[in-house]
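Here the sequence shown is numbered in full-length UniProt numbering, starting from 1 and rising by one per residue.
Virtual Cβ for every residue (Gly too), placed ideally from N, Cα, C.
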Amino acid sequence: MPVWCCRCSLAGHFRNYSDTETEGEIFNSFVQYFGDNLGPKVKGMPLVEETSLLEDSSVTLPMVIIGNGPSGICLSYMLSGYRPYLSSEAIHPNTILHSKLEEARHLSIVDQDLEYLSEGLEGRSSNPVAVLFDTLLHPDADFGYESPSILHWKLEQHHYIPHLVLGKGPPGGAWHNMEGSMLTISFGNWMELPGLQFKDWISSKRRNLKGDRVMPEEIARYYKHYVKVMGLQKNFRENTYITSVSRLYRDQGDNGSQDRDISTKHLQNQKSKFIKRNWEIRGYQRIAGGSHVPFCLFAENVALATGTLDSPAHLEVEGEEFPFVFHSMPEFGAAINKGKLCGRVDPVLIVGSGLTAADAVLCAYNNNIPVIHVFRRRVTDPSLIFKQLPKKLYPEYHKVYHMMCSQPYSADSGLLSDYTSFPEHRVLSFKADMKCILQSVSGLKKIFKLSAAVILIGSHPNLSFLKEQGCYLGRNSSQPITCKGNPVEVDAYTYECVKEANLFALGPLVGDNFVRFLKGGALGVTRCLATRQKKKQHLFVQRGGGDGVA
């Protein structure tokens, strides 16, 4: 099987590999990529470790982004040289923030002190840069206003930082796999990315605009179009699957040694002996016909923008592996579309109290399928998502919440014909005869016959390509990474992982589940790389390595 390996020398030469037609096509795309973007910029892009800058004979990509959803797209946009500036006539409603912005109006936001600008701001994200960027793009959005952005964008090509964005499917990530019949929870303009208003784009695609919420398939098409219209295609590679991301080290005592992957145990025992080097990214690309072409990339920095929808969370109870138990909306929707559940007398069990579970309830209800709805919380729990949604804007979700409150199970009435809620209950087990055992908070058990079960209690990212499945990057290193409970621990202003230098994370991995907030991660990462680039360029010039012009 041919392998393509993206590593070039300072002179721009590539190692020779198998000369098959398939490999050649992929290989040529990278030759073109480096020829267009990296060749003349090599001396101006000294982002590698300072201790090895002049010792190493090879140059690697400054950044590889894993994930091509809105997080990865936005980061690519900013790394491509797009810079946000305060608009000439803009006045931010927050007078303190506006006065800070006026102090450096001539500078792009990327070149300003993000910690200073973020100070004192409050919002629905725990990440201060996310709150800052959101209020610049959507001033007073949480108060119901649709104020225009106070920023305007300039393409400054000299700020371009070479990078690749690797994704399993087309640009847009998981949005291409979401249930097409559901409306997004966010308004259309909150889903947009910098430089292309969603309303302008959608108005050219459909005549009748009813309300501000849109279909996921429309969002997916918008993101795919965005990459094209912004000229970002050269940075994107589709149908790529990552199998390994590992840090390379070099033995300090052997100047001629090769970079290599060192085991965690060996590294801990002889930590002072090794110098941290670049990242090695391995994987494969699916091509026409379904065959796989392995690849190997090298990068100074890696950004994790995978989202958290890869692996649905499980209850971890007996019988959960039976084929009548689903763990995603697409699985459930497919069963309904195939007619497997229509006309069944037995109800569908839906587990979860979030919006995806509510979507499943609506889907079943609209197809005349009776529902048993099980969730652990009380219906009065203030943390339920329904409590945060205005009734006028989200009537369908409040319909579900109303049923959760008004149609609970009771021993006297039994199951209702269309929907029965089971607050403060949990599933104990599933049986082969399609029965399930539920238990109330008081310990009382109930048995019901089902036509299917749908477990919608969240999801985990697939970080299997990292050591320890990426757990070591979380706030609690003994637990899997999750959006809410255990996000990746990053620096609040650079989004660099606290426990791994030159590794960044953004979007849902750091707790920003809404598109309007994940854009702040792109700002933080871009500022970090741009700042380091300036320092390395200055050092490079001082050492007589060139004129330092990018």
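CB-CB length for residue i against residue j, believed under 8 Å
{"i": "Phe-236", "j": "Asn-462", "result": "Not confirmed; about 20 Å, so no contact."}
{"i": "Lys-350", "j": "Ala-360", "result": "Sequence check: residue 350 is Ile here, not Lys. Yes, Ile-350 and Ala-360 are in contact; Cβ-Cβ is about 5 Å, under 8 Å."}
{"i": "Asn-127", "j": "Ala-492", "result": "6 Å"}
{"i": "Leu-117", "j": "Leu-132", "result": "5 Å"}
{"i": "Phe-481", "j": "Cys-471", "result": "According to the sequence provided, residue 481 is Ile. The question's Phe does not apply to it. The Cβ separation is near 7 Å, so the contact holds."}
{"i": "residue 558", "j": "Pro-170", "result": "Outside the shown range of the chain (1 to 550) lies residue 558, about which nothing can therefore be said."}
{"i": "Trp-190", "j": "Arg-516", "result": "4 Å"}
{"i": "Asn-502", "j": "Cys-483", "result": "Not quite, the Cβ-Cβ distance comes to about 23 Å (not below 8 Å), so this is no contact."}
{"i": "Gly-520", "j": "Asp-134", "result": "7 Å"}
{"i": "Ile-385", "j": "Gly-354", "result": "6 Å"}
{"i": "Ile-66", "j": "Thr-243", "result": "About 11 Å separates the two Cβ atoms, so there is no contact after all."}
{"i": "Glu-321", "j": "Ser-429", "result": "Wrong, their Cβ atoms sit about 12 Å apart, outside the cutoff."}
{"i": "Ala-313", "j": "His-425", "result": "Ala-313 to His-425, Cβ: 17 Å. No contact."}
{"i": "Val-371", "j": "Tyr-401", "result": "The Cβ separation is near 14 Å, so there is no contact."}
{"i": "Lys-224", "j": "Gly-172", "result": "5 Å"}
{"i": "Pro-84", "j": "Asn-301", "result": "Not quite, the Cβ-Cβ distance comes to about 21 Å (not below 8 Å), so this is no contact."}
Candidates the options: closest to residue i by CA position
{"i": "Gly-167", "options": "Leu-304, Pro-194, Ser-126 and Glu-156", "result": "Leu-304"}
{"i": "Ile-281", "options": "Tyr-493, Val-245 and Tyr-397", "result": "Val-245"}
{"i": "Gly-311", "options": "Asp-113, Gly-520 and Gly-458", "result": "The amino acid occupying residue 311 in the given sequence is Ser; Gly does not appear at that position. Cα-wise, what sits closest to Ser-311 is Gly-458."}
{"i": "Tyr-241", "options": "Phe-198, Gly-289, Pro-294 and Met-215", "result": "Pro-294"}
{"i": "Trp-201", "options": "Asn-177, Tyr-226 and Met-215", "result": "Tyr-226"}
{"i": "Tyr-82", "options": "Ile-161, Ala-104 and Arg-376", "result": "Ile-161"}
{"i": "Trp-279", "options": "Phe-422, Ser-477, Phe-465 and His-402", "result": "Phe-465"}
{"i": "Ser-80", "options": "His-106, Val-165 and Leu-315", "result": "Val-165"}
{"i": "Leu-473", "options": "Leu-450, Phe-324 and Val-510", "result": "Val-510"}
{"i": "Pro-347", "options": "Leu-450, Asn-476 and Glu-192", "result": "Leu-450"}
{"i": "Ser-421", "options": "Cys-405, Val-427, Lys-205 and Leu-428", "result": "Cys-405"}
{"i": "Lys-399", "options": "Asn-366, Arg-426 and His-159", "result": "Asn-366"}
{"i": "Tyr-364", "options": "Arg-344, Gln-542, Thr-380 and Asn-177", "result": "Per the sequence presented here, residue 364 reads as Ala, with Tyr not at that position. Closest option to Ala-364, Cα to Cα, is Arg-344."}
{"i": "Ser-71", "options": "Glu-192, Arg-377 and Tyr-409", "result": "Glu-192"}
{"i": "Phe-198", "options": "Ser-149, Phe-326 and Leu-232", "result": "Ser-149"}
{"i": "Lys-435", "options": "Val-325, Gln-285 and Ala-130", "result": "Val-325"}
{"i": "Thr-60", "options": "Thr-380, Tyr-397 and Leu-297", "result": "Leu-297"}
{"i": "Val-129", "options": "Val-541, Met-215 and Leu-518", "result": "Leu-518"}
{"i": "Leu-315", "options": "Ala-334, Gly-352 and Pro-323", "result": "Gly-352"}
{"i": "Ser-147", "options": "Thr-380, Asn-94, Gln-479 and Gln-285", "result": "Asn-94"}
{"i": "Pro-330", "options": "Asn-177, Cys-74, Ala-141 and Met-215", "result": "Asn-177"}
{"i": "Glu-468", "options": "Met-403, Val-441 and Lys-499", "result": "Lys-499"}
Environment of residue i [buried if 16+ CB atoms lie within 10 Å]
{"i": "Gln-537", "result": "buried"}
{"i": "Ile-447", "result": "exposed"}
{"i": "Ala-505", "result": "buried"}
{"i": "Arg-247", "result": "buried"}
{"i": "Phe-143", "result": "exposed"}
{"i": "Tyr-145", "result": "exposed"}
{"i": "Leu-438", "result": "buried"}
{"i": "Cys-342", "result": "exposed"}
{"i": "Ile-96", "result": "exposed"}
{"i": "Ser-99", "result": "exposed"}
{"i": "Leu-444", "result": "exposed"}
{"i": "His-158", "result": "exposed"}
{"i": "Ala-288", "result": "exposed"}
{"i": "Ala-174", "result": "buried"}
{"i": "Pro-390", "result": "exposed"}
{"i": "Ala-411", "result": "exposed"}
{"i": "Asn-476", "result": "exposed"}
{"i": "Thr-494", "result": "buried"}
{"i": "Ala-358", "result": "buried"}
{"i": "Ser-203", "result": "exposed"}
{"i": "Ala-299", "result": "buried"}
{"i": "Pro-139", "result": "buried"}
{"i": "residue 569", "result": "The structure shown does not extend to residue 569, since the chain spans only 1 to 550, so no value can be given for it."}
{"i": "Ala-334", "result": "exposed"}
{"i": "His-106", "result": "exposed"}
{"i": "Thr-356", "result": "buried"}
Below-9 Å beta-carbon distance, residue i vs any chain C residue
{"i": "Leu-166", "result": "Among the chains in the structure shown there is no chain C, since it carries only a single protein chain."}
*Is the region 448-460 in contact with the region 88-106, if contact means three or more CB pairs nearer than 8 Å?*
no
*Any contact of the region 485-498 with the region 321-339, i.e. 3+ C-beta pairs under 8 Å?*
no
*asked:* Suppose only complete runs of 4+ residues qualify. What are the alpha helix (DSSP H) ranges in the region 480-548, listed by chain order?
replied: 515-542
_Which complete alpha helix (DSSP H) runs does the region 273-344 hold, if anything under 4 residues is left out?_
329-337
_Validate contact between the region 521-528 and the region 107-115 using beta carbons, cut 8 Å, 3 pairs_ = yes
*asked:* Going residue by residue through the region 334-403, where are the continuous alpha helix (DSSP H) segments of at least 4 residues, counting only ones entirely within it?
replied: 355-366
*Of all the alpha helix (DSSP H) runs that stay within the bounds of the region 108-157, which reach a length of 4 or more residues?*
114-118 and 128-137
*Return the chain-ordered ranges of every alpha helix (DSSP H) run that is complete within the region 196-236 and spans a minimum of 4 residues.*
198-203 and 216-229
*Can you give, in chain order, each stretch of the beta strand (DSSP E) that sits fully within the region 436-487 and has at least 3 residues?*
445-449 and 452-455
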